[in-house]
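Engineer: First, the structure itself, so that you have it in front of you.
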Ligand code: AMP
């Protein structure tokens, strides 16, 4: 697979899809530039080799044409600072003026195009629009993993115009390598930990994982659909009533496939959804009316961390409880710490999906696991076994 690493950019103009969809405050100042920093290695590689870079991205969800608050001009200063280069800005992502700017771009220079989603053609995957994006560039680089599951003009269709010069940036390449290490070449035992609120979001992921994992840990709010399906009392805990049959089906499938399905055995009950609620511990099967389970209990922590410490490859998606509240973060902290410890002992640990990423960041453990995925939806679709249009467009 060709990546930015093995491509020679000397004298080439690269058009690169990045994910600069960063959070902005009311004054249009960036509050978290993680996504910009994630794209820097690929941009720097191209510039150092004597290439030039045309960057394209979306920002926010503009409804109908240009909107000042979604202009990518708000990221120019931050990007220029990081690169030590005065980044040029094109007020439109296509059109005559932009083409001129592209043509005049010199080696070592960077041009950022205005928000792609000011045109509906972007999300529609319009080929004519993609052709205009491609104009004036020699090579297409995709480094926006977070949008790789969308067949948009800039993420997928544009690749057609570079049949021999389409490549992945470092970020996408690292994401693919990390996921393939879990899905295709995992050192065993392989354990997946699925948490979070809703099982319905993760059914396909769980089904696909059942063919691969040795242990499947279920935690967080989704636990209670499995507990109720097995006749447990869940009181006021979260439950998806219409998914009870499906939960039983997953339990049976796990049995058939010889997968060790591990559910929490105890829990922390709260009398309301509040950090200052009254709490008590209970067995997982013994919820109570008027009480809700908001974290896993001590016995579960022991069971889960023992399993983690005996695994060589671990995938974690979704918190074990309402970790946003300090009273119910203990289970999630324990899992995060145990992943860090397993990593130290040589296990490969991949954390992905919005809230587990937020959790490892919150507890300052992001650099203690093997890889933290940046692409929530894209990662889940890849783990479901789907082919992602943005990946297929380059890899075939
Ligand atoms: P998801 O987006 O499906 O991964 O869910 C993440 C959310 O699930 C977080 O905001 C957690 O607070 C929430 N969550 C985790 N465990 C529970 C629980 N036992 N009850 C209610 N919400 C939970």
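Numbering (my numbering), first residue to last: 6 to 401. Beta carbons are placed, not taken as given, at the ideal position from N, Cα and C, and that holds for glycine.
1. What does DSSP give as the partner residue(s) for residue 246 in the beta ladder?
2. Residues in its own chain within less than 6 Å of residue 384 by CB, not counting five upstream and five downstream?
3. For residue 56, which of 14, 243, 159 and 314 has the nearest alpha-carbon?
4. If we count Cβ pairs, one from each stretch, closer than 8 Å, do we get three or more for the region 154-169 versus the region 284-302?
5. I need the straight-line Cα distance from residue 297 to residue 395, nearest angstrom please.
6. Does the beta-carbon of residue 329, which I'm using as the reference point, lie nearer than 8 Å to any heavy atom of the ligand AMP?
7. Check this for me: beta carbons of residue 156 and residue 23, under 9 Å apart or not?
8. Helix, strand or coil, according to DSSP, for residue 287 in the structure here?
9. Exposed or buried, what is residue 2 when buried is set at 16 or more other beta-carbons lying within 10 Å of its beta-carbon?
10. Figure out for me which residue from 337, 326 and 375 has the closest Cα to the Cα of residue 317.
11. Should residue 354 go down as buried or exposed, given a rule of 16 or more other Cβ atoms within 10 Å for buried?
12. Taking residue 338 as the reference, give the member of 349, 325, 231 and 227 with the closest Cα.
13. Taking the straight line between their C-alpha atoms, what separation do you get for residue 311 and residue 76?
14. Within the same chain, show all residues whose beta-carbon is closer than 6 Å to that of residue 237, passing over the 5 residues directly before and after it, in chain order.
15. Taking residue 144 as part of the beta strand (DSSP E), name the residues at either end of that continuous run.
16. Hey, how far is the Cα of residue 62 from the Cα of residue 41?
17. On the CB-based measure, 16 or more other CB atoms within 10 Å of its CB, does residue 305 come out buried or exposed?
18. Contact check, residue 252 vs residue 230 under 8 Å by CB: the rounded distance?
19. I need the DSSP call for residue 227, collapsed to helix, strand or coil.
20. Are residue 216 and residue 19 touching if we call contact CB-CB under 9 Å?
21. Buried or exposed, going by whether 16 or more other CB atoms sit within 10 Å of the CB of residue 53?
22. Reducing DSSP to helix, strand and coil, say where residue 338 ends up.
23. Cβ-heavy atom distance between residue 325 and the ligand AMP below 8 Å?
Structural biologist: On the basis of the data shown:
1. Residue 246 pairs with nothing; no bridge assigned.
2. 357 and 378
3. 14
4. no
5. 41 Å
6. yes
7. no
8. strand
9. No answer is possible for residue 2: the residues shown for the chain start at 6 and end at 401.
10. 375
11. buried
12. 325
13. 49 Å
14. 290
15. 144-147
16. 11 Å
17. buried
18. 5 Å
19. helix
20. no
21. exposed
22. helix
23. yes
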